[in-house]
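**Student:** Submitted below is the structure of interest, expressed as structure tokens.
Chains as they are written, first to last, in my numbering: chain A, 1 to 94; chain B, 1001 to 1135.
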């Protein structure tokens, strides 16, 4: 057995669901008009959000306020795309 | 920066050094994927080995069109004499051992892919301008 890098005290599905809900209901219209192609990091408990032109910028801004939180991070507009890999059918296995 | 076409699979690759919360660094050979809108995706075992810290979750669309949960980890990436903190995605399938570098990682660079001669060059924009002016 190896260490799981995902903390066991985090409900990932719930965090993702809440984060996407906040994005769709409260942020989508405004962010997709002003920051399309950028990234947003949402602290779901406070419902505060932090915007950056890159994922790194958005998370860095969020970490300044909440250094130990796990954020919901999303590309503004279309979600992140990983064209060379799919979980069930790894195209790039060695 | 070391970048090349892998003779085994004819795919463009880049050599990077990654670091997590542990002192240990790891050299990886990442597939250069122009269809990856993020910075970097690392296999789960690489993230464990370097002790990367989870910073977020999100959603990503994969090659088969399916949307899944994206686990995001802070990783330091060293290349071309610089160190950059990136938010890397975890490749959850333990069968996949190939790291994938996306276009966001190379934002200060211009990528020149020569498919005929199988060469990949990543050049800083200012250096490319100097070269172009000379020509």
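By construction, the Cβ of each residue, glycine as well, lies at the ideal position given by its N, Cα and C atoms.
Less than 9 Å between the C-beta atoms of residue 1042(B) and residue 1073(B), yes or no?
**Tutor:** In this structure, residue 1073(B) lies closer than 9 Å to residue 1042(B) by Cβ.
**Student:** Between residue 1063(B) and residue 79(A), what straight-line distance do the alpha-carbon atoms span, to the nearest angstrom?
**Tutor:** Looking at the two C-alpha atoms, the distance is approximately 13 Å.
**Student:** Hey, does residue 15(A) have any beta-carbon neighbour from chain B nearer than 9 Å?
**Tutor:** Yes, contact with chain B.
**Student:** Which class does residue 1065(B) belong to by DSSP, given the choice of helix, strand or coil?
**Tutor:** Residue 1065(B): coil per DSSP, three-state reduction.
**Student:** Alpha carbon to alpha carbon, how far is residue 68(A) from residue 1113(B)? Give it in angstroms, no decimals.
**Tutor:** Computed Cα separation, rounded: 40 Å.
**Student:** Quick one: which unbroken alpha helix (DSSP H) runs of 4-plus residues sit fully inside the segment 1058-1134 of chain B? Chain order, please.
**Tutor:** Runs found: 1125-1134.
**Student:** Could you compute how far the alpha carbon of residue 1021(B) sits from the alpha carbon of residue 1084(B)?
**Tutor:** Cα to Cα, the separation comes out at about 14 Å.
**Student:** Taking the DSSP output, what are the residues bridged to residue 59(A)?
**Tutor:** The partner list for residue 59(A) (beta bridge, DSSP) is empty, contrary to what the question assumes.
**Student:** With DSSP collapsed to three states, give me the class of residue 78(A).
**Tutor:** Reduced to three states, the DSSP call for residue 78(A) is coil.
**Student:** Taking DSSP as the reference, what is the three-state secondary structure of residue 41(A)?
**Tutor:** Here residue 41(A) sits in strand by DSSP.
**Student:** Residue 28(A) and residue 1039(B) look like a contact to me (Cβ under 8 Å); what is the Cβ gap, rounded to whole Å?
**Tutor:** No, residue 28(A) and residue 1039(B) are not in contact; Cβ-Cβ is about 24 Å, not under 8 Å.
**Student:** Whose Cβ in chain A lies nearer than 9 Å to the Cβ of residue 1033(B)?
**Tutor:** Within 9 Å Cβ-Cβ: 82, 83, 84, 85, 92.
**Student:** Just confirm the distance between the C-beta atoms of residue 1018(B) and residue 1002(B), as a whole number of angstroms; I'd bet it's less than 8 Å.
**Tutor:** In fact, because the Cβ distance is near 14 Å, the residues do not count as touching under 8 Å.
**Student:** Should residue 1013(B) go down as buried or exposed, given a rule of 16 or more other Cβ atoms within 10 Å for buried?
**Tutor:** Classification for residue 1013(B): buried.
**Student:** With DSSP as the reference, identify every bridge partner of residue 1026(B), one or two as the case may be.
**Tutor:** According to DSSP, residue 1026(B) bridges with 1018(B).
**Student:** Quickly, what does DSSP pair residue 1013(B) with across the bridge? List them, please.
**Tutor:** 1004(B), 1031(B).
**Student:** Check whether the Cβ atoms of residue 23(A) and residue 40(A) sit closer than 9 Å, and answer yes or no.
**Tutor:** Going by C-beta atoms, residue 23(A) is nearer than 9 Å to residue 40(A).
**Student:** Anything in chain B within Cβ reach of residue 79(A), meaning under 8 Å, just list it in chain order.
**Tutor:** 1058, 1059, 1060, 1061, 1067, listed in chain order.
**Student:** For residue 51(A), which beta-bridge partners are listed by DSSP?
**Tutor:** Answer by DSSP bridge pairing, in chain order: 40(A).
**Student:** Give every residue of the same chain whose Cβ lies closer than 6 Å to the Cβ of residue 1097(B), excluding the five residues on either side of it in the sequence, and list them in chain order.
**Tutor:** Cβ within range, chain order: 1043.
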